[in-house]
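S.K.: Dumping the structure here so I can ask a few things about it.
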Amino acid sequence: MDSKALIAAYYEAFNAGQTDRMLEMLHDDVEHHVNEGDIRKGKDLFAQFNRHMTETYKENLTDMVIFANEAGDRAAAEFIVNGTYLKTDEGLPEANGQTYRLPAGAFFAIRDGKIARVTTYYNLTDWMAQVGA
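Mapping of the sequence shown onto this note's numbering: residues 927 to 1059, in sequence order.
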C-alpha cells in the first residue's frame, strides 16, 4: 500500500470508529505527537488515547486532502474535524453536547509500510471558543 493509501485507510478507520483497525496500521514503535501534551510512544499509549477520545468526543473528518513525498516515508493530511463534545475532558470546559467544526492537520512518518509518527495540529483557542469557553 502506498503512503497516501495508508493515510486514507487510517482516516477511513477513524471515521468508522474502528480504532483497532487504526492500530493495525501503526508501527510498533509509533510516536504520537499531540497538539497539547506529551509525546506518546508505542501502540499501548496510542490505544489508551483512542479510548479516552472515543468516550469524550464524537468526531468525523471531512474535506480530506492527503499529500505524500516521492520516497513514501513522509505524508500529511489536511481536514475539517466535525465534532460533538460528549464528556468533560480534564482541564477543559464542561461538556454538554456542544458541536464544533475545526480545521486540522497531521504529519506522518512512515517506516516498514506502517505509520511510525503521527503529529496532529489544530487551534485549541478556536475549539475553546466554539464550545463556549
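Glycine included, C-beta positions come from ideal geometry on N, C-alpha and C.
(1) If I measure Cβ to Cβ from D999 and keep anything under 6 Å in the same chain, skipping five residues before and after, which residues do I get?
(2) Please look up how many angstroms separate the CB atoms of P1019 and V991, rounded, as I've assumed it's under 8 Å.
(3) Identify every residue that forms a DSSP beta bridge with H959.
(4) Is I965 helix, strand or coil by DSSP?
(5) Taking the continuous beta strand (DSSP E) assigned at M951, which residues delimit it?
(6) Could you tell me the alpha carbon to alpha carbon distance between R977 and E1004, rounded to whole angstroms?
(7) If we ignore side chains and look at the alpha-carbon of each, how far apart do K967 and A939 end up?
(8) Please report how far the alpha carbon of D870 lies from the alpha carbon of F1034, in whole angstroms.
(9) Cutting at 8 Å between CB atoms, please list the residues of its own chain near G1023, excluding the five before and the five after it.
(10) Apart from the five residues on each side of it in sequence, which residues of its chain come closer than 7 Å, Cβ to Cβ, to R1054?
(11) So, under 8 Å CB-CB, T982 and D1015 are touching, yes? Tell me the CB distance rounded to an integer number of Å.
(12) Are the CB atoms of M951 and L932 nearer to each other than 8 Å?
(13) Write down the C-beta distance between Y936 and L987 rounded to the nearest angstrom, noting that I regard them as a contact closer than 8 Å.
M.R.: According to the structure data:
(1) Position 73 of the sequence shown holds residue 999. Once the five neighbours on either side are set aside, the close Cβ partners of D999 are I1036.
(2) Taking the first residue of the sequence shown as position 1, residue 1019 is located at position 93. Taking the first residue of the sequence shown as position 1, residue 991 is located at position 65. Not confirmed; about 30 Å, so no contact.
(3) Position 33 of the sequence shown, counting from 1, holds the residue named residue 959. In DSSP, H959 forms a bridge with T1045.
(4) Position 39 of the sequence shown, counting from 1, holds the residue named residue 965. Three-state result, I965: coil.
(5) Residue mapping note: residue 951 aligns to position 25 of the sequence shown, counting from 1. M951 -> no beta strand (DSSP E), and no H or E assigned at all.
(6) Along the sequence shown, one-based indexing puts residue 977 at 51. Along the sequence shown, one-based indexing puts residue 1004 at 78. About 23 Å.
(7) Your numbering for residue 967 matches position 41 in the sequence shown. Your numbering for residue 939 matches position 13 in the sequence shown. Looking at the two C-alpha atoms, the distance is approximately 21 Å.
(8) In the structure as shown, the chain begins at 927 and stops at 1059. Residue 870 is therefore absent and cannot be evaluated.
(9) In the sequence shown, residue 1023 corresponds to position 97, counting from 1. T1010, Y1011 and L1012, listed in sequence order.
(10) For this step, residue 1054 is matched to residue 128 along the sequence shown. Correcting the residue identity first, residue 1054 is Met in this sequence and not Arg. Excluding positions up to five away in sequence, the list reads P1019.
(11) Along the sequence shown, read from residue 1 onward, the residue named residue 982 stands at position 56. Along the sequence shown, read from residue 1 onward, the residue named residue 1015 stands at position 89. Their Cβ separation, rounded to whole angstroms, is 5 Å, which keeps T982 and D1015 in contact under 8 Å.
(12) As a working note, residue 951 is residue 25 in the sequence shown. As a working note, residue 932 is residue 6 in the sequence shown. Yes. Within cutoff.
(13) Taking the first residue of the sequence shown as position 1, residue 936 is located at position 10. Taking the first residue of the sequence shown as position 1, residue 987 is located at position 61. At roughly 10 Å, the Cβ-Cβ gap does not stay under 8 Å, so Y936 and L987 are not in contact.
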